[in-house]
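K.L.:
Under the UniProt record's numbering, think of the first position of the sequence shown as 1, with each following residue one higher.
Please read through the structure below; I'll follow up with questions.
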Amino acid sequence: MKVHAPARKAWELYGTVDLTKITVPKYLAAVDIVEGDGGEGSIAKLTPLSGEPYYEKFTKVDSKNMVKETEITQGAFLDLGFTLYRIRFENISTGKHTCITRTTIEWDIKEEFVANSSRVSILPSINIAKDIEAYLLAKEKKDHNESLKV
Numbered sequence: 001m002k003v004h005a006p007a008r009k010a011w012e013l014y015g016t017v018d019l020t021k022i023t024v025p026k027y028l029a030a031v032d033i034v035e036g037d038g039g040e041g042s043i044a045k046l047t048p049l050s051g052e053p054y055y056e057k058f059t060k061v062d063s064k065n066m067v068k069e070t071e072i073t074q075g076a077f078l079d080l081g082f083t084l085y086r087i088r089f090e091n092i093s094t095g096k097h098t099c100i101t102r103t104t105i106e107w108d109i110k111e112e113f114v115a116n117s118s119r120v121s122i123l124p125s126i127n128i129a130k131d132i133e134a135y136l137l138a139k140e141k142k143d144h145n146e147s148l149k150v
């Protein structure tokens, strides 16, 4: 998805737990880092607005290449017969003020639960990318307006 924000600014959210500033109010009741500092190897407990909490591990946080991967380690899709559910976010610069946020979902499921594969959707990631873009544009506008007051 094309995002009207610099790749590094988008990465400042995707690559850190600051992403929760945007996602928690709309999509989650809470996100708690239960192990680590939010970097690679950290484990987060995510509590949806409805449903049971689940756990994700940050398996890759590459700030140089602006790539983050998380895997569900307990609950959610794993309770539906999935043996792997991995999300990869990449921020790719396309100009001074634009980037592409690419999301890849990698999953595997036990054969007897293959009907549950229809639950895999990129829509939540698209919504998050749109929310990040709106957040960054509003922040830029606010910063610009405050600089005019000085």
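Each residue gets a CB set at the ideal place from its N, CA and C atoms; glycine is no exception.
Would residue 31 and residue 20 be called neighbours here (beta carbons separated by less than 8 Å)?
P.N.:
Yes, Cβ-Cβ distance for residue 31 and residue 20 is below 8 Å.
K.L.:
Which whole-angstrom value is the C-beta distance of residue 92 and residue 1, which I expect to be below 8 Å?
P.N.:
The pair is not a contact, with the Cβ atoms about 11 Å apart (cut-off 8 Å).
K.L.:
Alpha carbons only, please: which of 135, 63, 58 is nearest the one belonging to residue 33?
P.N.:
The residue with the shortest Cα to Cα distance from residue 33 is 58.
K.L.:
For residue 151, does the count of other Cβ atoms within 10 angstroms reach 16, so buried, or fall short, so exposed?
P.N.:
As displayed, the chain neither begins before 1 nor continues past 150, which places residue 151 out of reach and without an answer.
K.L.:
List the whole-angstrom C-beta distance separating residue 72 from residue 54, where the pair is believed to meet the contact cut-off of C-beta under 8 Å.
P.N.:
Between residue 54 and residue 72 the Cβ distance is about 6 Å, and since that is below 8 Å, they are a contact.
K.L.:
Helix, strand or coil, according to DSSP, for residue 70 in the structure here?
P.N.:
Reduced to three states, the DSSP call for residue 70 is strand.
K.L.:
Counting only beta-carbon separations shorter than 8 Å, does residue 103 have a partner in chain D?
P.N.:
The structure shown contains no chain D; it holds only a single protein chain.
K.L.:
Nearest by alpha-carbon distance to residue 78: which of 108, 136, 7 is it?
P.N.:
Comparing Cα-Cα distances from residue 78 to each of 108, 136, 7, the minimum goes to 108.
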